[in-house]
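**Q** In full-length UniProt numbering, the protein residues as written are 1 to 257.
Here a beta-carbon is modelled for each residue, glycine too, at the ideal position from N, C-alpha and C.
The structure displayed is predicted, hence computed values, not measured ones.
(1) Pull up the CB-CB distance for residue 93 and residue 233, whole angstroms please, since I reckon it's below 8 Å.
(2) Mind checking which residues open and close the beta strand (DSSP E) that includes residue 209?
(3) Residues in the same chain with beta-carbon distance under 7 Å from residue 215, minus the five sequence neighbours each way, listed in chain order, please.
(4) Please state whether the Cβ-Cβ distance between residue 186 and residue 201 is less than 8 Å.
(5) Across the region 106 to 121 and the region 13 to 32, are there enough close Cβ pairs to call them in contact, namely three or more that are closer than 8 Å?
(6) Going by Cα to Cα distance, which pick from 126, 149 and 89 is closest to residue 210?
(7) Tell me which same chain residues have a C-beta within less than 7 Å of the C-beta of residue 104, skipping the five on either side of it?
(8) Which residue marks the beginning of the alpha helix (DSSP H) containing residue 154, and which one marks its end?
(9) Here's the rule: buried if 16 or more other CB atoms are within 10 angstroms of the residue's CB, otherwise exposed. What is residue 252?
(10) With DSSP as the reference, label residue 44 as helix, strand or coil.
(11) Taking DSSP as the reference, what is the three-state secondary structure of residue 226?
(12) Name the DSSP beta bridge partners of residue 108, please?
(13) Could you name the residues of the same chain whose beta carbon sits closer than 6 Å to that of residue 120, not counting the 5 residues immediately before and after it, in chain order?
(14) For residue 159, which residues from the same chain have a beta carbon less than 8 Å from its beta carbon, with the 5 sequence-adjacent residues on both sides left out?
(15) Pairing CB atoms from the region 237 to 250 with CB atoms from the region 138 to 149, are three or more of them under 8 Å?
(16) Straight-line CA distance for residue 73 to residue 82?
(17) What span of residues does the alpha helix (DSSP H) with residue 16 cover, start to end?
(18) In whole angstroms, what separates the C-alpha of residue 129 from that of residue 115?
(19) In its own chain, which residues sit with a C-beta less than 6 Å from the C-beta of residue 49, not counting the 5 before and 5 after it?
(20) Smallest Cα separation from residue 163: which of 192, 212 and 180?
(21) Please name the residue or residues paired with residue 173 in a DSSP beta bridge.
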């Protein structure tokens, strides 16, 4: 069942979204050469505990995972892009790091992701990050009442196509609200004018992610970390967005964006 949220409920999600944005900003600032992924994990844990928030990832156990996820943030490096399991890895110059975070505050969830470059940035890495960011903004712009779900998917796909990146449709965006994943999948590729009609009160996590030269994925032995099948580098951008009577409301927008 797809639940439409009231303006008051959206405001409660916005409180959560601002906190998610704060954590991702700090994690991005801390990501530097010589920093261990577990340092970032523990920093996020501390922020969540002090805020009295609840991690949506801790004990998360979907069908594709291997046992419950026992971390509060997904951290994926280089060819890894989704569900990156934090582990003992020290960041190196030029690494591409994706941080993905979902939490609840007072029963309402928000979910966001960003990709940053550690140290020296290669132009091709900047380019794929820029593509996901532009695709996300295009998806947000399409998230208006009266449009269709396919309009969002088509907007993401159009940006990927312009940049020359293939698109995987196994994992994409989703509805969100009382739970991190609610009923509704938002593919990153689709046809305009198709699918569910968007209505005010619908809240979605929109998350374009691309690999440079493939739309195929593989899983690490940890059962969680998803990588590009050919080892090419990846990027992922995500925001939680509320569809309103007016413009789309981005609930996880970071101050520097």
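**A** Let's see:
(1) Numbered from its first residue, the chain shown carries residue 93 at position 93. Numbered from its first residue, the chain shown carries residue 233 at position 233. Rounded, the Cβ-Cβ distance is 15 Å, inconsistent with contact.
(2) On the chain shown, position 209 is the one that residue 209 refers to. 209 to 211 is the extent of the beta strand (DSSP E) around residue 209.
(3) In the chain shown, counting from the first residue as 1, residue 215 sits at position 215. Within the same chain, residue 215 has close Cβ partners 166, 167 and 168.
(4) Your numbering for residue 186 matches position 186 in the chain shown. Your numbering for residue 201 matches position 201 in the chain shown. Not in contact: residue 186 and residue 201 (Cβ atoms no closer than 8 Å).
(5) yes
(6) Start at 1 with the first residue of the chain shown, and residue 210 comes out as number 210. Ranking 126, 149 and 89 by Cα distance to residue 210 puts 126 first.
(7) Position 104 of the chain shown holds residue 104. Excluding residues within five positions, the ones whose Cβ falls inside 7 Å are 16, 53, 54 and 56.
(8) To locate residue 154, count along the chain shown from 1; it is residue 154. Residue 154 -> alpha helix (DSSP H) spans 149 to 163.
(9) Start at 1 with the first residue of the chain shown, and residue 252 comes out as number 252. Answer is buried; the Cβ neighbour count reaches 16.
(10) For the purposes of this step, residue 44 is taken as residue 44 along the chain shown, with counting starting at 1. Note: residue 44 maps to helix in three-state DSSP.
(11) The count along the chain shown starts at 1 and reaches residue 226 at position 226. It is a strand residue.
(12) Counted from its first residue, the chain shown places residue 108 at position 108. For residue 108, which the question treats as bridged, DSSP gives the partners 105.
(13) Counting from 1 along the chain shown, the entry for residue 120 is found at position 120. Only 93 and 94 meet the Cβ criterion.
(14) Position 159 of the chain shown, counted from the start, is the residue given in the question as residue 159. Closer than 8 Å at the Cβ level, and outside the excluded window around residue 159, lie 131, 134, 135, 138 and 208.
(15) yes
(16) Taking the first residue of the chain shown as 1, we reach residue 73 at position 73. Taking the first residue of the chain shown as 1, we reach residue 82 at position 82. If you take the alpha carbons of residue 73 and residue 82, they lie about 11 Å apart.
(17) Working through the chain shown from its first residue, we reach residue 16 at position 16. Residues 7 to 30.
(18) Here residue 129 is taken as the residue at index 129 of the chain shown, counted from 1. Here residue 115 is taken as the residue at index 115 of the chain shown, counted from 1. Those two C-alpha atoms are separated by around 7 Å.
(19) Your numbering for residue 49 matches position 49 in the chain shown. No residues qualify anywhere along the chain.
(20) Reading the chain shown from its first residue, position 163 is the one you call residue 163. Out of 192, 212 and 180, 212 has the C-alpha closest to the C-alpha of residue 163.
(21) Start at 1 with the first residue of the chain shown, and residue 173 comes out as number 173. DSSP, once it has assigned bridges, lists 186 as partnering residue 173.
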